[in-house]
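J.: Per the numbering used here, residue 351 is the first one in the sequence shown, and the count goes up by one each step.
A virtual CB, placed ideally from N, CA and C, is assigned to each residue, including glycine.
None of these values were measured; they are calculated from a predicted model.
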Amino acid sequence: MNILVLNGSPRKQGNTKRMTEAFREGAEAVGHEVHIADVCHMKIAGCLACEYCHTKGNGVCIQKDDMQEIYELLGKVEMIVIASPIYYHGISGQLKCTLDRFYSAAYPKNPRNLKKAAMILSSGDANQYDGALFSFKGDFVDYLGLENMGVFTVHGGENGSAAKLKEIRDFGMSLK
Ligand SMILES: Cc1cc2nc3c(=O)[nH]c(=O)nc-3n(C[C@H](O)[C@H](O)[C@H](O)COP(=O)(O)O)c2cc1C
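So, in structure tokens, the structure goes:
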């Protein structure tokens, strides 16, 4: 299947990035096509709440920035992986801007092929995930109706560990 990973960390060799690469390695090994979008290095503005997409735009966002690339991928993929460092108990701001722009992509209907979702989170401390998980469950599992394929959280010294990277690689490999 086609899989889109949204990486919400600006750190090019950071913990989240390494986990997304481990996921890609596993998923590609069993024949999936994986695209990682490093949203912090793209020009993606926040939603303007102008309602153009919900009225005359009929699902098209009025803002023309690098989100166009994500919209195109969203039209193709069957699975999305939301990957982020925890910043102040939530996902990063850059990733939040990207997710808010789904307001147009999910109107009037969900992206055609999108059926599955997963989440990968990295934090300094343990038990920091309630905010991110609340939005993953509320927005992706409940609102968009996607199948929850798994949630992976990594904190402190576990970050970058061979065991955690293997767990995520194996997850990628387990996808049918
Ligand atoms: C702005 C900012 C806010 C952060 N807030 C939290 C937090 O609330 N809880 C926590 O455990 N770690 C917090 N951290 C630490 C990061 O989540 C942690 O270092 C993570 O592993 C970074 O992932 P990355 O290497 O993929 O960027 C914060 C880091 C930054 C830069």
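(1) Could you check whether Ala468 and Gly500 sit closer than 8 Å to each other, using their CB atoms as the reference points?
(2) When the Cα of Arg361 is compared with those of Ser434, Ser511, Glu508 and Asn498, which residue comes out closest?
(3) Just the Cα atoms here: how many angstroms apart are Asn357 and Gly364?
(4) Quick check on this structure: which residue in Ile394, Gln478 and Arg462 has the alpha carbon closest to the alpha carbon of His439?
(5) Classify Thr503 as helix, strand or coil using the three-state DSSP reduction.
(6) Quick check on Ile412: buried or exposed, where buried means 16 or more other Cβ atoms within 10 Å of its Cβ?
(7) So the alpha helix (DSSP H) Asp520 belongs to, where does it begin and stop?
(8) With distances taken from CA atoms, which of Ile441, Pro458, Ala512 and Phe521 is nearest His404?
(9) Classify Leu423 as helix, strand or coil using the three-state DSSP reduction.
(10) Which residues mark the beginning and the end of the alpha helix (DSSP H) in which Asn463 is found?
(11) So if DSSP puts Pro435 in a beta bridge, which residue, or which two residues, is it bridged to?
(12) Within the continuous alpha helix (DSSP H) that includes Asn365, where are the two ends?
(13) Indicate, with yes or no, if ligand 1 has a heavy atom lying under 7 Å from the CB of Asp475.
(14) Could you compute how far the alpha carbon of Ile518 sits from the alpha carbon of Glu428?
(15) If you count every other CB in all the chains shown that lies within 10 Å of the CB of Ser511, and 16 or more means buried, which is it?
(16) Does the structure place the stretch 407-422 close enough to the stretch 447-466 that three or more beta carbon pairs sit under 8 Å?
T.: Well, looking at it:
(1) yes
(2) Ser434
(3) 10 Å
(4) Gln478
(5) strand
(6) exposed
(7) Ala512 to Ser524
(8) Pro458
(9) helix
(10) That residue, Asn463, is in no alpha helix (DSSP H); it is neither H nor E in DSSP.
(11) Ser472
(12) Asn365 to Ala379
(13) yes
(14) 19 Å
(15) exposed
(16) yes
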